[in-house]
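To start, the structure itself, in structure tokens.
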Amino acid sequence: MASEALGWWGVPLAIIAGTLRGSAPFLLVSLGECLTEKSGKINLGLEGTLLMGAMSAYAVSYLTGSPWLGVIVAGVAGMFLGVIHGWLAQQPRVNDVAVGIAMIIFGSGLAFFLGKPFIQPSAPQLPTLSLAGWTQIPQLESALSISPLFILGVAIAPLMQWFFRSSRWGLLVRAVGDSPDAAKAMGISIFKVRMASIVAGSFLAGIGGASLSLFYPGSWSERISSGQGLMAVALVIFARWNPVQCLYASLLFGGAQAIGPALQSVGIDAYYYLFNASPYILTLLIMVITCSPKRTLTGAPGSLGQAQE
Amino acid sequence: MSDRWRSLLEKICIPIGALLAALVIFGLFCALAGANPLGVYYSIYRAAFGSWSSFQNTLIQASPLMLSALCTALPARLGLVIIGNEGALVLGGLAAVAGGLTLGGWGLPTPGVQLGMALAGMAAGGIWIAIVGALRHYRAVNETISSLLMNYIAIALLNHMVNGPMKDPSSLNKPSSYPLPEMHMLGNLPGSRVHYGLVLGLVACGLAYFLIQRTTFGFAARTAGGNVRAARVAGLPVGKLTLAICFLGGACAGLAGMVEVAAVHGRANESLNANYGYGGVLVAFIARHNPIAASLVALLLGGILASGGILQRSHGLPDATVMVFQGIVFLSVLYSDSLYGRLPIFKERGVQPSPPMATATPV
Amino acid sequence: MPETNAVQESIRSMIDLDGATAIFATSFGYFDPHVLALAKDFPEVQFFHCGGLYQEGVHPENVGSYFGYIDEAQYVAGVVAAHASTSKRLGFIAAKPIPQVLRNVNSFTLGARSIDPSATTQVIFTGDWADPVREAEAANSMADQGIDVLTCHVDSPKVVIETAERRGIFATGYHANQAELAPQGYLTGAEWDWSNVYKNYVSLLQGGKTLMNGGIPHLVRGGFKDGFLKLSPFGPAVSAQAQQAAETAQAQLISGELVIYKGEIKDNKGKTVIAGGKELGQTAIELEQMNWLAEGVMGSVG
């Protein structure tokens, strides 16, 4: 069937398609950050981790011809940065936000440094999973071609929810995040639990990078993330540190990226700079509406953002 | 040796040690990348501090960093971690151009136009960060995240304005605002090519230091920064303090934007968004939010930035090398913060006073 | 390197520390104010800027600018695109609505409409020279709208070309040859031939000629004829007929027989921008100040 113009129907379709294509990095980074923050530390450096993951996945896929190996290496590269963050952010009197900003500079610097030779060549991409066996409309078929990493993220979200609620390890992470003193009294090593949470979170963020370079947009360049890692950190807050809500919030952000171009493709083309800023405005608005000085946010880890003893 | 000297020595030795460690790690990195570390050190030195000409380059890079650093350093005294420097700088530059064009259009003499530009820039940057403070105080919105988001919004606003309402139709291939007339531009210090922004930066750092350390306002801010609840009990107006100090911090970054347009670009366009904001965050944290130290650290970072080109040209290292170097320096200096009072050499009698520091407030 | 005074300082250190006597500045934003300011400080050094517009009497005499009329190649790409397209709807992903970009969009469209007057070009501005996610989003939403040939003017066409290939539609390249990114759908592309341009400059400089002694012209411009541009080799989807039409257009551009901006040309709001019978040759200054989109382009300069 020849492709036909969809006209105005293209706008919601483009947004849905953009959501399915573009939300995987948000999802994986925000799940990683959710785990990290539940243990009581913030990792702003996931922007650098995302770039490092994107670069290493692309490089490995190009050099070995195996995109899946690229995904694993991206996770490992993320863990490497996570170890640095986890160790440094837990030193006495060291502020985790500051370490995060340093890690953004260090991680993205390293990714740009090592990634220079891989900007030009084309690397093998991850396979797509098609959910569109039932339709003949090419636009829908394309919209429903989904990244395996997105599926992975969708599967991890409820698992992580269960992990926090019901598993022994999850309770441990929450205990450390909510009341480190009590956890310490119980003989739990705060350092080890936080380190493990940060490293595991960075692993997920690294994989998020792989989904940028090996699926969508499917290329490595220095501008590939353009702040998505930072956005994902903000997203955790309005998802209330709840993994399943992270999933919904990621879908929202993925869709928001598609709004500007989709509107232009049907002829609405004023204010595109402002449309392009819509995810940021949206996050800020949601934070303003939902936060309140009278109570702590439900789900907020008690020790989050407090100084290290 | 008295405790006081010991503590001073500690404050000098630890940062220097951290820098040396960073240099060694960076040297190893360069060696791994196939460049001669000693050659790289020499090139950095030559490009940053090696001659009067190259030192001027360092000074030029340092002045926006000094101003932008205060945007993080001042609110840090109240326990706020604000990283909205880039946004405040960009909007400050935009407002300064708008103000300068308007006042110039009224035929004001140059000093009046320049003062107006500075005030416009400071007001824009100040209000932008005061919004962050207000959201923090009245709605308990995490100031780090909101200021980060507002950076992106500010940059979008800049792009929207210079591509639309404020666009000079003759700025063909690089959409920009109308240019400021040459006579209203900030000049250079006599006998150099360093513009007056450096003076503004040094003065602002000095004033900020005085404000924090020597005035009742500064004392109240430091007290409230230590413990918000206690400050409330003591009757300190925490809300007003938050807004005031955020406004002042933002005003400094806005002034940096004004300096950029009035001394360098001559008009507002996307070049304003040149990462001096994030550089300023870095400077503030390395200086441990001390304004005087911030001016020195800004010089150091200015020097590193100034050496970016030569690493590319003389050693075949990619431009990201400078970022890696900055990252290593930053991480190393942050680690060194944890060493105060822990190194046996500096420990003798009595307890070391723990240095003031910023902590994030709970989200 | 960002377009701040770091540019000036870096060039200054090339002159001071490395002893450079001729500087080539290749980012548009370097010209005003940075290159102009330096040229005053170093009257003995020659500055060559890519993309700038040298104005006699306004700019210092040790400054020269060079640029190519790459829209000639875009015109030919438009000819090929119109042949390949079945929907006769083409897509152009552009960074910003500035004259250099608009000229490419218009020439591409005029080329396509010389083959099929009903052909249209949808343009999407991403607002940024490099924003891979938004470029991919734009490419996908155009594919959803039934557009079947894409081209672009952004820093790196890679994402656009690859996305087009994945969506099974055609693409024409920009800057360099991107054929290997889209072995099926790559039609042709508008390429710079800088090595040729710089080779000329170097031989002039080696011959002792300078801007100041008049040996090198201040304003160097060129198209196919002057070796500034070339076309990517035609891809497998280009029919013999399309190939012939493209080669004819290219030959006519070289001989000067074909003038792209030849009245009457209307903009996409119906206003006549080039009057009937009027011809604007490639050197025409009006074309370097273009702020309109030709009839058949869907989009607005905002």
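Protein sequence lines, in the order shown, are assigned to chains A, B and C. Here the numbering used here runs 78 ahead of the position in the first sequence, where the first position is 1. Here the numbering used here runs 946 ahead of the position in the second sequence, where the first position is 1. Here the numbering used here runs 20 ahead of the position in the third sequence, where the first position is 1. In this text, a Cβ means the ideal position worked out from N, Cα and C, and glycines have one as well. Nothing here was measured: the structure is a model prediction, and the numbers come from that model.
Local Cβ density within 10 Å of residue i, reported as buried at 16 or more and exposed below that
i: residue 116 of chain C; result: buried
i: residue 298 of chain A; result: buried
i: residue 32 of chain C; result: buried
i: residue 1297 of chain B; result: Residue placement at residue 1297 of chain B cannot be trusted, given a pLDDT of 46 that sits under 50; what the coordinates show is reported in the next sentence. Residue 1297 of chain B comes out exposed.
i: residue 219 of chain C; result: exposed
i: residue 1109 of chain B; result: buried
i: residue 1220 of chain B; result: buried
i: residue 151 of chain C; result: buried
i: residue 46 of chain C; result: exposed
i: residue 365 of chain A; result: buried
i: residue 290 of chain C; result: exposed
i: residue 252 of chain A; result: buried
i: residue 261 of chain C; result: exposed
Rounded straight-line distance, which links the Cα of residue j to that of residue i
i: residue 240 of chain C; j: residue 229 of chain A; result: 54 Å
i: residue 1092 of chain B; j: residue 1078 of chain B; result: 6 Å
i: residue 196 of chain A; j: residue 1193 of chain B; result: 44 Å
i: residue 306 of chain C; j: residue 1248 of chain B; result: 42 Å
i: residue 280 of chain A; j: residue 960 of chain B; result: 30 Å
i: residue 1185 of chain B; j: residue 247 of chain A; result: 41 Å
i: residue 1074 of chain B; j: residue 271 of chain C; result: 58 Å
i: residue 1023 of chain B; j: residue 1174 of chain B; result: 12 Å
i: residue 166 of chain C; j: residue 159 of chain A; result: 44 Å
i: residue 291 of chain A; j: residue 63 of chain C; result: 47 Å
i: residue 1205 of chain B; j: residue 170 of chain C; result: 43 Å
i: residue 80 of chain A; j: residue 162 of chain C; result: Model confidence at residue 80 of chain A stands at a pLDDT of 36, short of 50, so the residue's coordinates are unreliable and nothing is read from them.
i: residue 39 of chain C; j: residue 1255 of chain B; result: 14 Å
i: residue 159 of chain C; j: residue 113 of chain C; result: 7 Å
i: residue 1264 of chain B; j: residue 980 of chain B; result: 12 Å
i: residue 149 of chain A; j: residue 102 of chain A; result: 13 Å
7 Å Cβ cut-off: residues of chain B touching residue i
i: residue 152 of chain C; result: Within chain B, no residue comes near residue 152 of chain C; the closest Cβ sits about 17 Å away, beyond 7 Å.
i: residue 358 of chain A; result: 1095, 1098, 1099
i: residue 170 of chain A; result: 1284
8 Å Cβ cutoff met for residue i and residue j
i: residue 88 of chain C; j: residue 74 of chain C; result: no
i: residue 1189 of chain B; j: residue 1076 of chain B; result: yes
i: residue 1002 of chain B; j: residue 1138 of chain B; result: yes
i: residue 118 of chain A; j: residue 382 of chain A; result: yes
i: residue 156 of chain C; j: residue 295 of chain A; result: yes
i: residue 1214 of chain B; j: residue 1039 of chain B; result: yes
i: residue 972 of chain B; j: residue 1271 of chain B; result: yes
i: residue 143 of chain C; j: residue 310 of chain C; result: no
i: residue 319 of chain A; j: residue 378 of chain A; result: yes
i: residue 1025 of chain B; j: residue 1171 of chain B; result: yes
i: residue 967 of chain B; j: residue 1253 of chain B; result: no
i: residue 286 of chain A; j: residue 128 of chain A; result: yes
Chain-ordered chain A contacts of residue i [CB-CB under 9 Å]
i: residue 144 of chain C; result: 338, 339, 342, 343, 347, 350
Cut-off 8 Å between Cβ atoms - residues of its own chain near residue i, not counting five sequence neighbours on either side
i: residue 183 of chain A; result: 126
i: residue 197 of chain C; result: 209, 211, 252, 253
i: residue 286 of chain C; result: 292, 293, 314, 315
Beta-carbon neighbours of residue i, restricted to chain C and to distances below 9 Å
i: residue 1121 of chain B; result: 116, 117, 118
Cβ shell of residue i (< 6 Å), same chain only, five flanking positions each side left out
i: residue 206 of chain A; result: 223
i: residue 387 of chain A; result: Caution is warranted here: a pLDDT of 40 is assigned to residue 387 of chain A, below 50, making its placement in the model unreliable, and the coordinate value is therefore given only provisionally. Nothing listed; no residue qualifies.
i: residue 1000 of chain B; result: 993
i: residue 349 of chain A; result: none
Within chain C, partners of residue i - CB distance below 8 Å
i: residue 1006 of chain B; result: 25, 29
i: residue 193 of chain A; result: Simply none; closest approach about 13 Å.
Amino acids of chain A, ordered along the chain, whose beta-carbon sits closer than 7 Å to that of residue i
i: residue 179 of chain C; result: 295, 297
i: residue 147 of chain C; result: 350, 351, 354
Cutoff 7 Å; reference residue i; Cβ partners in own chain excluding five residues on either side
i: residue 278 of chain A; result: 113
i: residue 310 of chain A; result: 104, 107, 108, 111, 124
i: residue 1305 of chain B; result: Interpretation of residue 1305 of chain B is limited by its pLDDT of 44, a score under 50 that renders its predicted location unreliable; no figure is taken from the coordinates.
i: residue 923 of chain B; result: Residue coverage of chain B in this structure runs from 947 to 1309, which leaves residue 923 of chain B outside it and unanswerable.
Residue i: contacting residues in chain B (beta-carbon distance under 8 Å)
i: residue 71 of chain C; result: 1119
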